[in-house]
Every structure is written in structure tokens, then in C-alpha cells.
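Residue numbers (my numbering): 1496 to 1599. Don't be surprised by glycine CBs; every beta carbon is placed ideally from N, CA and C. Okay, so here's the structure we're looking at.
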């Protein structure tokens, strides 16, 4: 498979069929910060969608995380897709993202 550059990334992917919660607190999980390129290397085969829980800020003093779907490109950028499948934005390779990881 040829390396996908940002301009070759799909504008749409399959709609999400997830029916659980789209927002959660940290709970029993640990939160860590990685660059988009590190996440792309760890979780995303190039051109393959993957899901992570990404911090979107604090609500009433508690950090909250939203369920996001990404596809990584050859440069390590993460392309974010909405639940209906359209591309929403691109996180550059050096952008730090705080995500939920394994249980503490």
C-alpha cells in the first residue's frame, strides 16, 4: 500500500455504529499526553481508523474525555472523523493530545 499523504486522505469514512457514551471522566483509567505522531505510530496503521478517548477540557473541576476516531497519514498527522463519517479536522504531527490509557 502506498504511503498516504494528507491530501490523499479520504474526506469520508464509514459512519460510526458505536452506541455507548461519547463523554466520560478519567475514572479508573490513567491519562497521558502524546504527540499526534506518537499516537499514529502506537495505535494507527497508516490509513486504518482507530479510536481513542481525548481530553476536551475540565467540567466542574473534572477532566473530561470524548471518543474520537482518527486515521493517521504518512507524516504522522491525525485526521479526525465525526460519527457520521466526514473529516472534521487534522491534528499536526507535533500537536500534543491527552488521552485515556490503561487502567491505573
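Could you spell out the range, first to last residue, of the alpha helix (DSSP H) harbouring residue i?
| i | result |
| --- | --- |
| residue 1558 | Segment 1557 to 1567 is the beta strand (DSSP E) holding residue 1558; no alpha helix (DSSP H) there. |
Based on the DSSP secondary-structure assignment, which residues constitute the bridge partners of residue i?
| i | result |
| --- | --- |
| residue 1591 | 1530 |
| residue 1575 | 1565 and 1584 |
Which residue comes first and which comes last in the beta strand (DSSP E) that contains residue i?
| i | result |
| --- | --- |
| residue 1552 | 1545 to 1554 |
| residue 1539 | Residue 1539 -> no beta strand (DSSP E), and no H or E assigned at all. |
| residue 1520 | 1518 to 1520 |
Could you tell me if residue i is buried or exposed, where buried requires 16 or more neighbouring beta carbons within 10 angstroms of its beta carbon?
| i | result |
| --- | --- |
| residue 1573 | buried |
| residue 1568 | buried |
| residue 1563 | buried |
| residue 1584 | exposed |
| residue 1547 | buried |
| residue 1551 | exposed |
| residue 1510 | exposed |
| residue 1549 | buried |
| residue 1553 | exposed |
| residue 1571 | buried |
Can you confirm whether residue i, when its beta carbon is compared against all beta carbons of chain C, has any partner nearer than 9 Å?
| i | result |
| --- | --- |
| residue 1562 | Of the protein chains in this structure there is only one, and it is not chain C. |
**OP:** State whether the region 1567 to 1586 contacts the region 1520 to 1528, with contact taken as three or more CB pairs (one from each stretch) at a distance under 8 Å.
**Re:** Touching, no, given that fewer than three Cβ pairs across the two stretches are closer than 8 Å.
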